[in-house]
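Working notes for the structure below.
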Amino acid sequence: MHSQQIVHRDIKPENVMLRDSLPDVLRSPLSDCHVKLIDFGLARQLVSTPTSCADLTDSEFHSSSPAHAVPLARAMQAGVKSQGRVLDTSGSYARMLDISPVGTRGYAPAEVYAPHQEQMQRGEAQGAPTCTRSHPGRTVKMPLEQVPLIDAYELGGLLRFMLTGVPPDESMESVLTALKDRPQIDIENTWCACFQSGTADQNTSADRLRLPIINELASLSFEARTLIMALTEPIAEVRLSVQAAQVHSWMHMATKSRSV
């Protein structure tokens, strides 16, 4: 997706689907499925022209022709990268984009919402929804090559949720406190029943089902923790890119375990 100069900007569990059904929902390897990313309503295509120090609005960012897309390495003459980390974005040719603060709370990085955090907090106090789709008229200036790092941060939050069961908008401490009184249930049989029609377990609370399988972050492998931390780095300039995450040591470990 990023190789096509497209950023999604709303990566979360609800937007990740498995294309093929599994013969056994509990024992079949997920490698038998094809992962599909859906809901590209907030997606944007990165484009660039030779004009230096030019600003693009988010609407222009969305409507620009794909035919004019060029590789980020050429578009950003000042964006020197190493291991997927942006080392210098201060050059005179750095292009700034006006990006709308969109996404889902917890998954979207701070640089998207920081200028409007106070307004968001006031909205939450008035009962506004936690999923923010758009803020007309409000934009955040961001270097062109940092825009894909929005997806990287969201991917890190998704990975944390997949490996621990704790979504990024919940603190690990609060969940672990709830685990003290977690119910003892037959996980395998209960999960199987959830996929069968006409059973009482179909209406079992998702929160109740997830408590017995919560993993502490400290219980994960060192490689998994470092990958999550690198992807969810608050400072965009030093955040790991999606491309660099693909060659991370944890990814190699996961690939080997699937091939055994």
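Per the UniProt record's numbering, the sequence shown starts with residue 1, numbered consecutively. Glycine included, C-beta positions come from ideal geometry on N, C-alpha and C. These figures come from a predicted structure and were not determined experimentally.
{"query": "May I have the straight-line CA-CA distance separating residue 243 from residue 175, to the nearest angstrom?", "result": "31 Å"}
{"query": "In chain order, what residues of the same chain lie with their CB nearer than 6 Å to the CB of residue 248, ignoring the 5 residues before and after it?", "result": "227"}
{"query": "Quick one: what does DSSP say residue 15 is sitting in, helix, strand or coil?", "result": "helix"}
{"query": "With a threshold of 16 other CB atoms inside 10 Å of the CB of residue 35, please say whether the residue is buried or exposed.", "result": "exposed"}
{"query": "Report yes if the C-beta distance between residue 152 and residue 97 is below 8 Å; otherwise report no.", "result": "no"}
{"query": "Where do the ends of the beta strand (DSSP E) carrying residue 96 lie?", "result": "96 to 99"}
{"query": "Quick check on residue 18: buried or exposed, where buried means 16 or more other Cβ atoms within 10 Å of its Cβ?", "result": "exposed"}
{"query": "What number of angstroms, rounded off, separates the C-alpha of residue 139 from the C-alpha of residue 154?", "result": "19 Å"}
{"query": "Only counting the same chain, and skipping five residues up and downstream in sequence, which positions put a Cβ closer than 8 Å to that of residue 141?", "result": "55, 96, 97, 98, 99"}
{"query": "For residue 84, which residues from the same chain have a beta carbon less than 6 Å from its beta carbon, with the 5 sequence-adjacent residues on both sides left out?", "result": "Caution is warranted here: a pLDDT of 43 is assigned to residue 84, below 50, making its placement in the model unreliable, and no coordinate value can be reported."}
{"query": "Quick one: Cα of residue 121 to Cα of residue 177, how far?", "result": "The predicted model places residue 121 with a pLDDT of 47, which falls under 50 and marks its position as unreliable; any figure quoted below should be read in that light. So the alpha carbons of these two residues sit roughly 26 Å apart."}
{"query": "Compute the beta-carbon to beta-carbon distance between residue 4 and residue 47, rounded to the nearest angstrom, for a pair I have assumed lies under 8 Å.", "result": "In fact, because the Cβ distance is near 11 Å, the residues do not count as touching under 8 Å."}
{"query": "Looking at the ligand PLP, does it come within less than 7 Å of residue 101, judged from the CB to the closest heavy atom?", "result": "Of ligands this structure carries none, so the ligand PLP is not represented either."}
{"query": "For residue 109, which three-state DSSP category applies?", "result": "coil"}
{"query": "If you follow the beta strand (DSSP E) that residue 37 is in, where does it begin and where does it stop?", "result": "35 to 37"}
{"query": "Out of 253, 12, 145, which has the shortest C-alpha to C-alpha gap to residue 221?", "result": "253"}
{"query": "Confirm, please, whether the CB-CB distance from residue 10 to residue 103 is below 8 Å.", "result": "yes"}
{"query": "If we ignore side chains and look at the alpha-carbon of each, how far apart do residue 110 and residue 40 end up?", "result": "21 Å"}
{"query": "State yes or no: is the C-beta of residue 2 within less than 8 Å of the C-beta of residue 43?", "result": "no"}
{"query": "Could you name the residues of the same chain whose beta carbon sits closer than 6 Å to that of residue 246, not counting the 5 residues immediately before and after it, in chain order?", "result": "none"}
{"query": "Who does residue 6 pair with in a DSSP beta bridge?", "result": "45"}
{"query": "Distance, Cα to Cα, residue 235 vs residue 112?", "result": "12 Å"}
{"query": "Tell me the rounded alpha-carbon separation between residue 261 and residue 217.", "result": "The structure shown does not extend to residue 261, since the chain is modelled only from 1 through 260, so no value can be given for it."}
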